[in-house]
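Going by the working numbering, the sequence shown opens with residue 73, and the numbers climb by one from there.
C-beta atoms are modelled at their ideal positions from N, C-alpha and C, and glycine is treated no differently.
On a predicted model such as this, the values are computed, not experimentally measured, just so you know.
First comes the structure, then the notes that go with it.
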Amino acid sequence: MPESVQVRAADWKRSGDYEDIVYETAEGIAKITINRPERHNAFRPTTLFELRDAFNAAQEDSEIGVIILTGAGDRAFCSGGDQKIRGDDGYVDKSTPHVGRLNVLDLQVQIRRCPKPVIAMIAGYAIGGGHVLHVCCDLSIAADNAVFGQTGPKVGSFDGGYGSWLLAETVGLKRAREIWYLCRQYDAETALGWGLVNAVVPLARLEEETVAWAREMLEKSPLALRMLKGALNAVTDGAAGMQQFAGDATLLYYMSEEAQEGRDAFKEKRAPDFGKFPRRP
Ligand code: S0N
73 MPESVQVRAA
83 DWKRSGDYED
93 IVYETAEGIA
103 KITINRPERH
113 NAFRPTTLFE
123 LRDAFNAAQE
133 DSEIGVIILT
143 GAGDRAFCSG
153 GDQKIRGDDG
163 YVDKSTPHVG
173 RLNVLDLQVQ
183 IRRCPKPVIA
193 MIAGYAIGGG
203 HVLHVCCDLS
213 IAADNAVFGQ
223 TGPKVGSFDG
233 GYGSWLLAET
243 VGLKRAREIW
253 YLCRQYDAET
263 ALGWGLVNAV
273 VPLARLEEET
283 VAWAREMLEK
293 SPLALRMLKG
303 ALNAVTDGAA
313 GMQQFAGDAT
323 LLYYMSEEAQ
333 EGRDAFKEKR
343 APDFGKFPRR
353 P
């Protein structure tokens, strides 16, 4: 990865065998870095397959409580789809030589459904599909050199999913229309004023601050954070959001003595005794 002026804030341990990303963990935090700085961390299909693998690893690892998504170097978080390998039916690289892909949508859904908080740690450009990725994250911490914007109508693309309506939910409909229709670039202070990011910090302290936010969340109840993420996403995500929230309700029920009585009675070939549990008002 290129040199950065950011202070290294944790003793990161690298793992996984990836070409386009770096996966590191420390102190219950997973840091996932898009590592294509020569293209301002634009993603290609390979990048997205690797990101999905890394997010899956972080989700499955019960030691991990918070995930940070970032870009290598100080010049860009992510500049969206790699326009240099955009074919006529999506993006094409060695991992998808015959059929184009629009596989960033799968990653957006994965970030939303991951039951652990995801923080976008943004230095430099968060543009196009890269901007949508930070919108999909739970929290966004920006360096003072961060630049935000959509470019779709300029380069012949658009994101009518989370990139549009989740953005509108975040900054309001009028702002969302402005961002998409005019394709302007906005600085970090403007983004903060619009509620598009949670904090703006000096570039050198970006990782330090982001890790501090992660550590603060790690002190909190993981189940409470999981339920809150599900609840906050459920309305926007419609039936899929309710399905996930309902699954979490089932998880909590499984952990109760009442549900365990049903399981035990089945295994012990006896009638369940639910009479000992209160009929709550
Ligand atoms: C970010 C910009 C404004 C920075 O300008 P600056 O500082 O002048 O740097 P450059 O010299 O332009 O860039 C440095 C090098 O990086 C390359 N590069 C930058 N961005 C990309 C990119 N996206 N793809 C490929 N290469 C990129 C430059 O070319 C340069 O390298 P050299 O010198 O070797 O040419 C400026 O770079 C800029 O405007 N970048 C393009 C931003 C953009 O338009 N991104 C794409 C937007 N569209 C999407 O992201 C697709 C959305 C999407 O993914 C999607 C949505 C819905 C449904 C499906 C999908 C899907 O596609 O999966």
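Distance cut-off 7 Å: residue i Cβ against heavy atoms of the ligand S0N
i    : result
L174 : yes
H112 : yes
D154 : yes
I194 : no
T168 : no
G199 : Note on residue identity: the sequence assigns Ile, not Gly, to residue 199. Yes.
L177 : yes
S236 : no
S151 : yes
G360 : Outside the shown range of the chain (73 to 353) lies residue 360, about which nothing can therefore be said.
F163 : With the sequence shown as reference, residue 163 is identified as Tyr, and Phe is not the correct amino acid for it. Yes.
Proximal residues to residue i (C-beta, below 7 Å), its chain only, five neighbours per side dropped
i    : result
A331 : Y325
R247 : W266
D154 : R111, A114, F115, R116 and Y163
Cβ neighbour criterion (16 or more within 10 Å) applied to residue i
i    : result
F230 : exposed
T308 : exposed
L304 : exposed
N175 : buried
R200 : Checking the displayed sequence, the identity of residue 200 turns out to be Gly instead of Arg. Per the 10 Å Cβ criterion, buried.
P117 : buried
Q316 : buried
S134 : exposed
Any non-hydrogen atom of the ligand GDP closer than 7 Å to residue i Cβ
i    : result
S229 : As far as ligands go, the structure on display features the ligand S0N and does not contain the ligand GDP.
Opposing strand residues paired with residue i [DSSP bridges]
i    : result
M193 : T142 and I213
K103 : E96 and I140
A148 : Y197
A311 : According to DSSP, A311 bridges with nothing at all.
Own chain, CB closer than 6 Å to residue i, minus 5 neighbours either side, in chain order
i    : result
I251 : Q222
Own chain partners of residue i with C-beta closer than 8 Å, once the 5 adjacent residues on each side are dropped
i    : result
I355 : Residue 355 lies beyond the residue range present for the chain, which begins at 73 and ends at 353; the question has no answer from this structure.
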